[in-house]
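Please read the structure below before turning to the comments.
Numbering (my numbering), first residue to last: 5 to 566.
Laid out in structure tokens, this is it:
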């Protein structure tokens, strides 16, 4: 690392800066990684004036640009990079989960056994809406196996308890919870299941798919606008403490969108908030305004905006709901030759892809298995043929977990951006080996293959479906370690710089914000994050341990590590 030696004029300026408050800020004496271009580029200093970057370059010229009495920020050898941009996640769910006990692997005291989990619920939970609520639970991380209804009944015989899985698609309640929800063996299920123990003939307390989604809504219920705004403040702190300056929430309702906009308008939240509604919600928006301003911020270069339209084709692969062209290797509990299932018809995908291209609404696909990806690709290809649109619309498909080589070629040909979620390698890599076999598991999230094809791609956390740390996800993209400690598909790992681009310059491009965000460059917003170490210079296995020291949003400090 190059440490800039300050001469006498600069030293005198430093002394003056301690006495007079300046209109400009100068950042220097660290690794300032601009994220401009395909290769790492460093500069000596950055000047910020107001909410924008005024200069990037040498320290001497930075001092000249800053003018009299600037605020001097000595980075002390730490690393300054652009703020992280959330390309795919659930800001509103993160906010809601602040009302629950965080039982995740990324929490301050992650439970390692079911007794640890129950002890934390006993010690930390405060009944909300009549419930004890736990969130971010993952049975794979417990050494003594999954939580059971018997354990919850023993610990909470009369108090309804709901423990939501980190996937948000499954959860478990105790007997008091089943009673409060009105769930019995005769409860009808549209998508998903309410399992019965074959030995006892009683409900296991597990809720899978739509029953869990419905239960989540009932457990949290409706709460005041003031409490909603307070949960948003807490969610912002989670994002900012992990270096994010822009957050997204997909699968939002009209109410979510109103709340997000109000949080920004009332200055409750300083992050830029991006909503991504599903196709049915988009229909409602267009019914009231055929020229609804998709992709336009409420405050010009920031605030709140609705990104586009979301269409999903299939579900979670770890639950064997992702849609594949070939059967799962392990179909226990499912029909023979189970390939997963589509959650939309091809006609529906075709309809909304064409609508998006006709009306210039950014299209976001959500596809996990290769057959699900085929559906999205077919819809997009048909839309391009029928509309004649050949320009880059910044179409994106998340999570693209099990994309094939030939499908990546179609992404490239049709200018589709893959949005990958590497953390599934760490969380479920060992599960995928079992249910899909070594070959398919090893080729999931093929980052190196995409890079070899000359494609750019984003990476994301899908928080709360995985932890909120961008650095942990970058670590996974580089090292491809599973929770069990093995390496899955080592040939698909990428370098740290390319992974960093997945959280900075690439999502800025995805949102059509590359003129304002994604790199440290003159004229762009001063959205930056200070790290205690440089991800490009530490041992790759240490990347996940790098700490966010400070997060700066539009030139103002949004978070400082205690």
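Note that the Cβ used here is the ideal one computed from N, Cα and C, for glycine as well.
- Fully enclosed alpha helix (DSSP H) runs of no fewer than 4 residues occupy 409 to 417, 427 to 440, 442 to 446, 451 to 456 of the region 377 to 464, in order along the chain.
- Between residue 40 and residue 86, the alpha-carbon positions lie close to 10 Å from each other.
- The bridge partners DSSP lists for residue 138 are 105, 167.
- Looking at the DSSP output, residue 200 shares a beta bridge with 207.
- With contacts defined as CB atoms closer than 8 Å, residue 101 and residue 472 fail to qualify as a contacting pair.
- In the DSSP assignment, the residues bridged to residue 77 are 31.
- Here residue 256 is bridged, per DSSP, to 281.
- Shown here, residue 334 sits in coil according to DSSP, grouped into three states, outside any helix or strand.
- For the 8 Å CB-CB criterion, residue 318 and residue 439 do not form a contact.
- In terms of CA proximity to residue 31, 556 leads the group 556, 565, 566, 563.
- With fewer than 16 other Cβ atoms inside 10 Å of its own Cβ, residue 339 counts as exposed.
- Taking a contact as a CB-CB distance under 8 Å, the pair residue 27 and residue 53 counts as one, their CB atoms being some 7 Å apart.
- DSSP, reduced to helix, strand and coil, places residue 112 outside both helices and strands of the structure shown, so it counts as coil.
- Where residue 177 is concerned, the enclosing beta strand (DSSP E) starts and stops at 174 to 177.
- Between the alpha carbons of residue 364 and residue 275 lies a gap of roughly 26 Å.
- Here residue 35 is buried. Its C-beta has 16 or more other C-beta atoms within 10 Å.
- A direct Cα-Cα distance of roughly 5 Å separates residue 526 from residue 59.
- The Cβ atoms of residue 454 and residue 482 do not sit closer than 8 Å to each other.
- Annotation: the continuous beta strand (DSSP E) that includes residue 564 extends over 560 to 564.
- Rounded to the nearest whole angstrom, the C-alpha separation of residue 122 and residue 288 is 43 Å.
- The beta-bridge partner set that DSSP reports for residue 367 consists of 313.
- Short of 8 Å from the beta carbon of residue 48, and not among the five residues preceding or following it, lie these beta carbons of its own chain, in chain order: 6, 8, 32, 36, 61, 62, 63, 66.
- Under the DSSP assignment, residue 518 falls outside any alpha helix (DSSP H); it carries neither an H nor an E label.
- As computed with DSSP, residue 485 is found in a beta bridge with 491.
- Going by DSSP, residue 501 is part of the alpha helix (DSSP H) stretching over 500 to 505.
- Ranked by Cα distance from residue 336, the options 538, 323, 359 are led by 323.
- With a cutoff of 8 Å on beta-carbon distance, residue 181 and residue 199 are scored as not near each other.
- With a beta-carbon spacing of about 5 Å, residue 424 and residue 449 fall inside the 8 Å limit used to define contacts.
- Taking each of 72, 251, 154 in turn and checking the Cα distance to residue 204, the smallest one comes out for 154.
- In the DSSP assignment, the residues bridged to residue 213 are 196.
- Closest in C-alpha terms to residue 537, from the list 551, 490, 373, comes 551.
- No residue range can be given for residue 545, since it is assigned to no beta strand (DSSP E) and is classified by DSSP as neither H nor E.
- Rounded to the nearest whole angstrom, the C-alpha separation of residue 224 and residue 402 is 28 Å.
- As computed with DSSP, residue 161 is found in no beta bridge at all.
- In terms of Cβ geometry, residue 411 and residue 377 form a close pair [threshold 8 Å].
- With the rule of 3 Cβ pairs closer than 8 Å, the region 240 to 260 does not count as touching the region 139 to 155.
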